[in-house]
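Structure first, then comments.
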Amino acid sequence: MPELPEVEVLGRHLGSLLINKAVRSVQVHRQKSIRPTSARRMRDQLVGAKFKSIKRRAKYLIFEMQPAGGKPVFILLGHLGMTGRMYLQPKTVDLPKHAAVVLELVRHNFIFEDTRYFGRMTLGAGALDTLGPELLSEEFGGDVLREALSKSAQAIKVKLLDQSVVAGIGNIYASEALFHAGISPRKAARRLTRAECAALVVAIRGTLTKAIECGSTVPLDFSGAGERNGLFYFGQTDEWAGYYDEELLVYDRENESCARCGNPIRRIVQVARSTYYCPGCQRA
DNA sequence: CACCATGTTCCTTG
DNA sequence: CCAAGGAACATGGT
Numbered sequence: 000m001p002e003l004p005e006v007e008v009l010g011r012h013l014g015s016l017l018i019n020k021a022v023r024s025v026q027v028h029r030q031k032s033i034r035p036t037s038a039r040r041m042r043d044q045l046v047g048a049k050f051k052s053i054k055r056r057a058k059y060l061i062f063e064m065q066p067a068g069g070k071p072v073f074i075l076l077g078h079l080g081m082t083g084r085m086y087l088q089p090k091t092v093d094l095p096k097h098a099a100v101v102l103e104l105v106r107h108n109f110i111f112e113d114t115r116y117f118g119r120m121t122l123g124a125g126a127l128d129t130l131g132p133e134l135l136s137e138e139f140g141g142d143v144l145r146e147a148l149s150k151s152a153q154a155i156k157v158k159l160l161d162q163s164v165v166a167g168i169g170n171i172y173a174s175e176a177l178f179h180a181g182i183s184p185r186k187a188a189r190r191l192t193r194a195e196c197a198a199l200v201v202a203i204r205g206t207l208t209k210a211i212e213c214g215s216t217v218p219l220d221f222s223g224a225g226e227r228n229g230l231f232y233f234g235q236t237d238e239w240a241g242y243y244d245e246e247l248l249v250y251d252r253e254n255e256s257c258a259r260c261g262n263p264i265r266r267i268v269q270v271a272r273s274t275y276y277c278p279g280c281q282r283a
């Protein structure tokens, strides 16, 4: 279910439910989902430990865990992949078909469910080391972006998905941000001007910040059992119409007219992923 | 049956 | 050594 805004909202939600709760036992249903951590180490570390804090870095959830007996805190990392979900359920409710990992609390199970099993729950923060600057942080700005792009001949849209360049953008918001900045997704990264880089940073921040605000106001069902399934991409669900004051302007709108200039929106494929853009507003 | 999907990692090629 | 392209991972929806 992830792009950065979903992960951010999920993290806040889980924080309110999990802080100071202790793990009583651990069920690993899919070894693949905890790679390279072993099920045994997972249990050894987690059983008896309490959730101390929950933070987000890019699309990762960082669970800071406090073991019993004054042992040092350690990190449990979560990444949702394409279809991951995390939520609490009373133990009386049956586990979902694609439960990957279940952390048993007192009366609830903390469930990591993942239909396609692309996500992960692992021990240690090592996966964060290769990430580029955090999108919403102060140190990320037009100059930092420009420097990161300066040597690449790859299309800007493709570079935006590279988590070592900029950490946190996904396929949906990459298209949206380029539209807002008026930059063609095909433009070679190194050809972006200083002004374009500055505009792109503003567009990225604006798009993601707005999405987080919207996601925070919608009544979500993180288990995905009902309609409100934890996703809150703008315009996804008609019944949410009243909650949104903006929606996705290009993503998944092939052949619809651009809200700004009326030209039909185009879909192209870059590195095997769809890109949507307006040929009128985003000139090559 | 065909094609598409919010993401990352690994392997090959140049 | 690096950049870039593509397949792979696994399941479900249309």
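So that you can map any letter, position 260 of the first sequence is 259 in numbering that gives the first Met the number 0, and since no number is skipped, the others follow by simple counting.
We put the CB at the ideal spot given by N, CA and C, even for glycine.
Contact annotation: E7 and R55 have beta-carbon atoms nearer than 8 Å. Under the three-state reduction of DSSP, A152 is assigned to coil, being neither helix nor strand. The three-state reading of DSSP puts E63 in strand, counting E and B together. Short of 6 Å from the beta carbon of P1, and not among the five residues preceding or following it, lie these beta carbons of its own chain, in chain order: K58 and L79. In chain order, A202, G205 and T206 place their CB closer than 7 Å to the CB of H179, counting only its own chain and leaving out the 5 sequence neighbours on each side.
In this structure, V22 sits away from M41, with a CB-CB distance that is not shorter than 8 Å. Going by C-alpha positions, R282 is about 9 Å away from R185. In the DSSP annotation of this structure, the continuous segment of the beta strand (DSSP E) that includes P89 starts and ends at G83 to P89. Residue ranges of uninterrupted alpha helix (DSSP H) with 4 or more members, entirely inside the stretch 11-57 and ordered along the chain, are 38-45.
In the DSSP assignment, N108 forms a beta bridge with Q88 and E103. Contact check for L45 against L102 passes: the beta carbons are separated by less than 8 Å. In this structure, DSSP gives D113 an extended state, which the three-state scheme calls strand.
If you look at I171, you'll find it in the alpha helix (DSSP H) that goes N170 to A180. From the listed residues F62, M120 and F139, the smallest Cα separation to R34 is found for M120. Between the C-alpha atoms of L177 and L199 there is a straight-line separation of about 7 Å. In the displayed model, P4 falls within a helix according to three-state DSSP.
With 16 or more other Cβ atoms inside 10 Å of its own Cβ, K158 counts as buried. When Cβ pairs closer than 8 Å are counted between the two stretches, the stretch 264-275 is seen to touch the stretch 167-176, the count reaching three or more. Residues L87 and L102 of the same chain have their beta carbon placed closer than 6 Å to that of F109, with the five preceding and five following residues left out of the count. Spatial neighbours of G167 in its own chain (CB-CB distance under 7 Å, excluding positions within 5 residues in sequence) are listed in chain order as L3, A57, K58, E133 and L134. Going by DSSP, L122 is part of the beta strand (DSSP E) stretching over R119 to L122. Out of S52, P89 and L60, the CA that lies nearest to the CA of P66 is found in S52.
DSSP places T129 in the coil class of the three-state scheme, outside both helix and strand. Sequence-distant Cβ neighbours of Q153 in its own chain, meaning closer than 6 Å and more than five residues away, are A188. Residue range R272 to Y276 is occupied by the beta strand (DSSP E) that includes Y276. Residue burial is scored here from C-beta neighbours: G69 has fewer than 16 other C-beta atoms within 10 angstroms and is therefore classed as exposed. Within the same chain, F50 come within 6 Å of L17 by CB-CB distance, once the 5 residues on both sides are set aside. Restricting attention to A48, I211, T192 and S163, the CA atom closest to the CA of T129 is found in S163.
With at least 16 other beta carbons inside 10 angstroms of its own, R145 counts as buried. A194 sits exposed, since fewer than 16 C-beta atoms from the chains shown fall within 10 Å of its C-beta.
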